[in-house]
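Colleague: Residue numbers (this note's numbering): 15 to 270.
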Amino acid sequence: MGKILSISNQKGGVGKSTTAINLSACLGEIGKKVLVIDMDPQGNTTSGLGIDKDDPEIYTVYDMLVDECSVNDCILETGYDNLSIIASNSNLAGAEIELLDNEDREYTLRNHIESIKDDFDYIIIDCPPSLSILTINAMCASSGIIVPIQCEYYALEGLTQILNTINLVKERLNSEIKIEGVVFTMFDARNNLSSDVVANVKENLDINVFDTIIPRNVRLAEAPSYGMPVIEYDNRSTGAASYRYLAEEIVKHHEG
């Protein structure tokens, strides 16, 4: 059975889509069959993997959620090893309103992907940076949550919010969900604050923290504008090496 992992943080600008794109590509590179589901109406993960999110010829996650197509109609090949995607665009914002009348609205995504989850080793869901029905759908479909947090002063506050949300979902909607761990992003070794934030989280929260820390890296920041994961854009960059380590860490965690 494939592992379904959401990348989630209610705070924006923490490297959520960057992590979804590059973790997925690195898992594919090591031979895992991966599906990315872009649940963010901004569609950054979609464009970051080289898909034209406004192409009228493709079906998106919105079309699937409102029953205009099947899950198999939505799955697109990215051209990268073992990596497929269900794309997103701004239409997805409308799904929030349309899903409100559904009796099982929190489980709409889970119900749609039930038939294909065993076709993949990993399904990675990129959540929007808000607590919305889209985020709740992602969490109800997932077995685990990866929380990227930026190494900055307010990181702990944002982390506390997302942990509270996950605990509520666990209590009321999806008892199987768990926090896979926190991954620190945009780490600047020259800045004492970055090290302080990492130490603060480790000391104050009883939560798994991944050993891999994602650095600030120019090549990592540039790659999405070319529609490429960093391992394709600059294979030898520190950003590429870091996400490879994270992929290996996650596989080791699940497979021993």
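Even for Gly, the Cβ is constructed at its ideal location relative to N, Cα and C.
Because the structure is a prediction, the values reported are computed rather than measured.
According to DSSP, is MET53 part of a helix, a strand, or is it coil?
Modeller: In the structure shown, MET53 sits in coil (DSSP, three-state: anything other than H, G, I, E or B).
Colleague: Can you name, in chain order, every residue of its own chain whose Cβ lies under 7 Å from the Cβ of ILE72, other than the five neighbours on each side?
Modeller: Within the same chain, ILE72 has close Cβ partners LEU90, ALA101.
Colleague: Using a Cβ-Cβ cutoff of less than 7 Å, which residues in the same chain neighbour ILE176 once the five nearest sequence positions on both sides are dropped?
Modeller: Excluding sequence neighbours, ILE176 sits near SER22, ASN23, GLN24, VAL161.
Colleague: Quick one: grab the DSSP three-state call for LYS216.
Modeller: Helix, per DSSP.
Colleague: Going by CA-CA distance only, name the one from TYR136, SER157, ASN222 that's closest to ALA34.
Modeller: With distances taken between Cα atoms, ALA34 lies closest to TYR136.
Colleague: Using the C-alpha atoms, what's the distance from LYS131 back to ILE99?
Modeller: ILE99 and LYS131: Cα-Cα distance of roughly 13 Å.
Colleague: Please go through the same chain and pick out, in chain order, the residues whose beta-carbon is closer than 7 Å to the beta-carbon of GLY64, but skip the five residues on each side of it.
Modeller: Only THR92, GLY93, GLY241, MET242 meet the Cβ criterion.
Colleague: Between ASN58, LYS46, ILE44, which has its C-alpha nearest SER31's C-alpha?
Modeller: Comparing Cα positions, the closest option is ASN58.
Colleague: Would you call the CB atoms of ASP68 and ASN105 closer than 7 Å?
Modeller: Contact: no.
Colleague: Buried or exposed: ALA213, going by 16 or more other Cβ atoms within 10 Å of its Cβ?
Modeller: With fewer than 16 other Cβ atoms within 10 Å, it is exposed.
Colleague: ASP95: which of GLY29, LEU49, GLU112 sits nearest, CA to CA?
Modeller: Ranking the options by Cα distance to ASP95, first place goes to LEU49.
Colleague: Mind checking whether the beta-carbon of ILE139 lies closer than 6 Å to any heavy atom of the ligand NAD?
Modeller: As presented, the structure is devoid of all ligands, the ligand NAD included, so that no description of it is given.
Colleague: Rounded to the nearest angstrom, what separates PRO229 and ALA237 at their Cα positions?
Modeller: Computed Cα separation, rounded: 15 Å.
Colleague: State the start and end residues of the unbroken alpha helix (DSSP H) segment that holds GLU110.
Modeller: Where GLU110 is concerned, the enclosing alpha helix (DSSP H) stretches over 106-112.
Colleague: At the level of alpha carbons, what is the spacing between LEU256 and VAL223?
Modeller: For the sequence presented, residue 256 should be read as Ser rather than Leu. Going from the Cα of SER256 to the Cα of VAL223 covers about 15 Å.
Colleague: Does the separation of the CB atoms of LEU41 and LEU260 fall below 7 Å?
Modeller: Contact: no.
Colleague: In chain order, what residues of the same chain have a beta carbon less than 8 Å from the beta carbon of ASP127, not counting five sequence neighbours either side?
Modeller: Strictly speaking, residue 127 in this sequence is Ile, with Asp absent from that position. Contacts found: ILE18, ILE51, VAL85, ILE137, ALA155.
Colleague: Let me confirm a value: LYS46 is counted as buried when at least 16 other C-beta atoms fall within 10 Å, else exposed. Which label applies?
Modeller: LYS46 is buried by the Cβ-count criterion.
Colleague: Any idea what DSSP makes of SER146, helix, strand or coil?
Modeller: Reduced to three states, the DSSP call for SER146 is coil.
Colleague: Go ahead and pull the three-state DSSP assignment for PRO162.
Modeller: In this structure, PRO162 counts as strand in the three-state DSSP scheme.
Colleague: Who are the Cβ neighbours of VAL28 in its own chain at under 7 Å, not counting the five residues just before and after it?
Modeller: Cβ within range, chain order: PRO162, ILE163, GLN164, THR199.
Colleague: Roughly how many whole angstroms lie between the Cα atoms of GLY158 and ASN178?
Modeller: Cα to Cα, the separation comes out at about 15 Å.
Colleague: Would you kindly report the start and end of the unbroken alpha helix (DSSP H) that includes SER157?
Modeller: Here SER157 belongs to no alpha helix (DSSP H), and DSSP marks it neither H nor E.
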